[in-house]
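Protein chains in written order, with the working numbering: chain B, 1338 to 1753; chain X, -7 to 431; chain E, -7 to 398. All remarks here apply to the structure that follows.
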Amino acid sequence: MHARYLIIGSSHAGREALAAIRMADPQGRLVMLSRERHRPYSPTILPYVVSGRSDPRKVGLGSVAWFAENRAELVLDAQVVAVDADARAVRLADGGCWTYDKLLLATGAEPVVPPVEGLEGVRYHVLRTLDDALAIRARAATARRAVVLGAGLVGMHAAETLAGAGLDVTVVEMRPHVLAEYFDPRASTLIRETFERHGTHMMMGRRVERAAGVETEACRLGLDDGTELEADLLLVAAGVRPALRMLADSGIATDKGILVDTRMRTARDGVWAAGDVAQAPGFPTGAPMVNGTLPEAVEQGRIAGMDMAGDDDLRPYLGGIPLNTYGFFGRHAVAVGAAAAPAGDGVEVVTDEGDGYCRIALKDNRLIGLAAIDRVMDAGILWRLIQRRVDLGPVRDRFLSHPLETARALMSRGWR
Amino acid sequence: MASQDTIRFISERCDGCGDCMTACAKAKGSASRVAIVAGSDGGWEMALCRQCGDPKCVANCPAGALDKHRDSGIVDWFKDLCVDCHLCTVGCVYGGIVFDPAAGHVQKCDMCDGSPACVPACDKGALEHLSAAGRLHEIHADKEDMFVPGLSACQGCNSELLIRHTMRRIGRNSVVAAPPGCIPGMGTVGYNGQTGAKMPIFHPLLTNTAAMLGGVKRQYERKGRDVTVVALAGDGGAVDVGFQSLSGAAERGERVLFICVDNEGYMNTGMQASGSTTFGSWTSTTPVGEIGRGKSTDGKYLPQLLMGHGCAYVATASTAFLDDYHAKLEKALEASRTGFAYLHVHAPCPTGWRFPAAMTTEVCRRQVETNFVTLWEFTPEDGLCFTRGVGRPRPVSDYVGMIGKYKHLGPAELERIQASVHRRVEVLQGFRRRSTAAG
Amino acid sequence: MNQLVNSSRKIVCDGNEAAARAVVLARPDVVSVFPITPQSSLVESLSQFVADGVLTAELINAEGEHSVLSALQGACLAGARTYTATSGPGLAFMFEPYIRTPGLRLPMVVSLVTRDMLSPQCVWGGQQDAMTVRECGWIQVYCENVQEVLDTVIMAFKLAEHKDVLLPVNVCHDGNYLSYAVSRIELPAAEMVDGFLGEPDVNWHIALDPDRPMAVDPLTGGTGPGGAASFVGYRKSQVRGMANALEVFSDIHVEWGERFGRHWAPLVEEYRLEDADYAIVTIGSMTGAGKDAVDAARERGEKVGLIKVKTYRPFPRDAIIAALGKVKAAGIVDRSVSFAWDCGPLHQDVMTTLFASPHRLALVGFIGGLAGADITSEHFQRVIELTAQAARGDVSASPIWLNEHD
């Protein structure tokens, strides 16, 4: 079977690419392959499926009508196992084959399972798919003690959810701080302390060395400091990595992820990549980075789709900027850019804990990162200030004392 | 997508009193969704949802809790679906969707069902509610209507609307040619010593409008007078017998604005077919009978041919999208100072096409929503640019089904129309300036 | 070039160039052109004059004669003095705006470089094109030689723009025999022509001008209030303008003679007619050969004269009656045919005119010079013989086709 546009992956990057292609080319056959048996959804929604906040029947990212309107075909249960960029073809696990004119790899990421002795013999969970979420939710209904390996976004979301479900939750993180990819140590500490106040055990700087099954789904874990933990729900949330296995021998250059340029083109003609699987130029240096956030997936997907369809309005990718928003126990945090950048080497850091927490990192009077807890911030405006390298010199003091209002005034004046 | 209503902020009038925020908070029972902040120079600035055309907040939502309403254009937020991830706030570069700690979730402006509470609360006039119609009113209301009241167009005809809008913008320093058709037929040029127009207007032949206007313009150029010359022609005077002189004037780059008001036939004289009449259309010369099935060939698509002439400006327009039309009229007028400018405006005819007079604008809109009519502009430098996306059309049956002149058509004929709509879009896409896209 | 145009001097050129040089002297604002045989060298000359800066008019290279005249209509309504030239099929293609021009009372000058009409296919001279449009409301004048072409084109502007006339004028010169015939002519000084013509004032009555907004040519007529009277009013004044042209054109010729020293008969020229028993009637370039034949016959003692018709529309009835009143027979030579009347158009007009006169005389009709054929002195010799025979009471059956056996 042949498609002019073949998209592998059905989450944000694939969805945005699909919409962008259809803006420029209403006709060319467009097929989206998903390894899922469920209709497309966002991985970001999964912790909320676990918690029961989101109805798994209502988390769809693309309704049947939406695909019909866009004249796109969605093929579920299609696990791509190999890409042949010479033949412009992909092979499926069931032996099927699709040929294409233009291919987008938006296959996302898959969980990393750390090398823990005995883990293979234990019933543990990961949280990357809707089925994962449903399994955890089912298990949480009867479990009493949960251990979460990893204090990244997935682990922290899950820990909060499981605590909310009444479980006794322990988080084990080998690094000293929670959410260390996004937040500076002080912000991480504030977040960790909140978890601790809500009864979650936060074991930082610890490593699980052994795991052993106890009964059906329970297990016993041995930590590097000798601590023994028992859990009847073990969630491995030690991070994700781009899903690259299908690319063996494809000639598509990879590093941590699939290397792409500012139009999301890979090393092979006719192949694009976007979203969590891609390693695109980072801001401001252009050095390739895997920046697996939802907003970046949206941006990269859109650019890939426009380029695939030859849309003249395309503006090349300006580079990935780390960025996240995070709600926990009724509090909220935001981190944009190099929010954890240490002071020195030209970087100036101003922190303010007067009302919540705010840490601003400037370089040459330009914002390079900001982290805040319980402070209302317009993350999108801050992102734009960083990306445009807006000179804050004239309003520096005001910005440091009133970042929200000053950023809004700059926005209102600057891109009115 | 429908025209988007927005709230305009006039910074110079704002004194920072905050009455708008009070009104918003009161109306919504929560924190204000409009934020006035101090500017760096002592003035005031505003953050508010712009109800963007391509909203990034919607794209960034993993839960389907945000959606741009197809008709109102308003970006709606659904509390039930929201999971408080705040990723929408990352997408918005206007501070238009913001976490409200008191409410525990994000908030955004919903335009208060069409009458925003903040706007009347501002007695300084710093906030203006701009609907598309309102914006046009603001720009053009004080200008003189160049036609007298009581033109005798058929009920529901959009040509009168169009020519009033057009000439209100262009004004008295103009010469207008209205070749035989509905536009003079409604009395613009006049009868027996009375005229319906306030600017110089004449009744050229059906065949020679562009040439005659070219001659008018040349003489004014020779005299050093800046006079705008405009054709308000029908499709017959452009597509059929008017084509040669139009083509010649376009080739010569005469500094003329030629507006073709295309009602796809000779509607003024009893609905005979023209070269612009579309496939399957009943007309009085392509009737439906035992054998006849309406017009057996596709219409001639004139704007594409004008592109081929390398005119300074070519655009299509629909009166359902008047803001788009006005933007194009501006560009066409500017282009007509240095070369030939051509506007092709689609004019569904309630009388001749057999649909209720009250439905004209809806028919116009549906033409565009189905890609039966596409909105684009062209300059030799930039190529063709769609001014409204062609990516997600409704099926053409949604349009054809509204129109009586197509009511005899069967599925096979409908399929043919759908196919030619697709084909035309593809052909037009080929006129876009190509990037260096791969593959 | 400038010197050539601006000094009164003698030059050698053909009729097409003479017309073009006349146009330069008339200083039109807008000239629109499309080439067609045998007019092409005329518009080539005009184009070259514009390219050389000798003629400063706006030049519109239109895509066909229909647009040529249409553009000029627009320009004229905006106040321009205008000019073009055409022939045969070009005139046919121009017909739609052509027939509208007199009703709009637009004082244009258009040279018709006359050509026979298709079919049979032909590209040569003949007056069938001009004669076909003789009832369209344009003034038509026919020239005898290259100098007359030049002088008449200039005079035509003054005639067209005269406020008692205000009608378009066709200056006709024969394809081949005048278009390409080279003569020595005198080119008047530009400033003298400026003084003769004055500034154009062509749209005082009807204009497309934002300073004087009006609706040009709204619907008129029908049975609505005042409709019929309004239409009749316009039509009647158009006919009156046409009638006025005879006197106005005569006055213009007098003035021309006074200023430039060349005296042309404005309507009808009488040549050696005073003591003639009979006469031949000619139109256009054939007149020269006709005069030669008359001279030769006079040498032989024949009492023959010649009547040359210059102004054909409006038809100079009084002048024709006066001239024919002097003879007992006339041989009328047409370079075209009237299909309805089995004679030439001029012949038909003469017959019609004589109905208003008590004088009766014998008429013999000749048709010659179609499709580029020559009407030679020998042909005229035969015309004279047959007319003399008619004067003696032996009237041949008309028409006699002069080139039937050539």
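No residue lacks a Cβ here, since even glycine has one placed at the ideal position from N, Cα and C.
Chain order gives the chain B residues near residue 424 of chain X as 1649, where near means a beta carbon separation below 7 Å. DSSP, reduced to helix, strand and coil, places residue -1 of chain X within a strand of the structure shown. Residue 313 of chain E is not bridged by DSSP to any residue. In the DSSP annotation of this structure, residue 1645 of chain B is not part of any beta strand (DSSP E); the continuous alpha helix (DSSP H) holding it starts and ends at 1631 to 1645. Distance from the CA of residue 161 of chain X to the CA of residue 1365 of chain B, rounded to the nearest whole angstrom, comes to 41 Å.
For residue 68 of chain E, the uninterrupted alpha helix (DSSP H) run begins and ends at 57 to 69, by DSSP.
Straight-line measurement puts the Cα of residue 400 of chain X at about 11 Å from the Cα of residue 282 of chain X.
In the three-state DSSP reduction, residue 414 of chain X falls in the helix class (H, G or I). Cβ atoms of residue 180 of chain E and residue 241 of chain E stay farther apart than 8 Å, at about 18 Å. Inclusion of residue 76 of chain X and residue 1494 of chain B in the CB contact set at 9 Å is not warranted, their separation being larger than that value. A check of alpha carbon separations from residue 45 of chain E across E/56, E/17, E/63 and E/61 identifies E/17 as the nearest. One thing to note: residue 162 of chain E has its Cβ within 9 Å of the Cβ of residue 132 of chain E. Annotated three-state conformation of residue 287 of chain E is helix, per DSSP.
When only Cα atoms are considered, residue 93 of chain E and residue 159 of chain E end up about 8 Å apart. Between residue 363 of chain X and residue 388 of chain X, the C-beta gap is smaller than 9 Å, which places the two residues in contact. For residue 151 of chain E, the closest C-alpha among the options E/239, E/266, E/115 and E/3 is that of E/239. Of the candidates X/146, X/121 and X/178, the residue whose Cα lies closest to the Cα of residue 225 of chain X is X/178. Inclusion of residue 157 of chain E and residue 233 of chain E in the CB contact set at 9 Å is warranted, their separation being smaller than that value.
Residue-level contact check: residue 1406 of chain B touches chain X, since one or more beta carbons of chain X fall below 9 Å from its beta carbon.
Interface with chain B (9 Å Cβ-Cβ cutoff): residue 93 of chain X is included. If the five residues before and after residue 1 of chain E are omitted, its C-beta is found closer than 8 Å to the C-beta atoms of 178 and 179, all from its own chain and listed in chain order. Residue 1422 of chain B is not a Cβ neighbour of residue 1647 of chain B, given a cutoff of 9 Å.
In the structure shown, the three-state DSSP call for residue 211 of chain X is helix. At a cut-off of 9 Å between C-beta atoms, residue 313 of chain X does not count as an interface residue with respect to chain B. Restricting attention to B/1590, B/1606, B/1475 and B/1511, the CA atom closest to the CA of residue 1562 of chain B is found in B/1511.
Listed by position along chain X, the residues whose Cβ is nearer than 7 Å to that of residue 27 of chain E form an empty set, because the closest Cβ is around 14 Å away. By the CB criterion at 9 Å, residue 1456 of chain B and residue 1384 of chain B fall outside the cutoff.
For a Cβ distance threshold of 9 Å, nothing in chain X lies close to residue 1637 of chain B: the least Cβ distance comes to about 12 Å. The DSSP-derived three-state label of residue 174 of chain X is helix. Neighbours of residue 193 of chain X across chain E, judged by C-beta separation under 9 Å: 200, 205, 206, 207, 208 and 210. Exposed is the label assigned to residue 1738 of chain B, since fewer than 16 other Cβ atoms lie within 10 Å of its Cβ. With a threshold of 9 Å between beta carbons, residue 201 of chain X makes no contact with chain B. Using beta-carbon distances, residue 81 of chain X counts as an interface residue toward chain B, with a partner under 9 Å.
Residue 1435 of chain B: not part of any alpha helix (DSSP H); member of the beta strand (DSSP E) spanning 1434 to 1442, first to last residue. The distance from the Cβ of residue 39 of chain X to that of residue 1745 of chain B is about 4 Å, consistent with a contact at the 8 Å cut-off. By the Cβ test, the stretch 318 to 328 of chain E is in contact with the stretch 359 to 376 of chain E, since at least three Cβ pairs between them sit closer than 8 Å.
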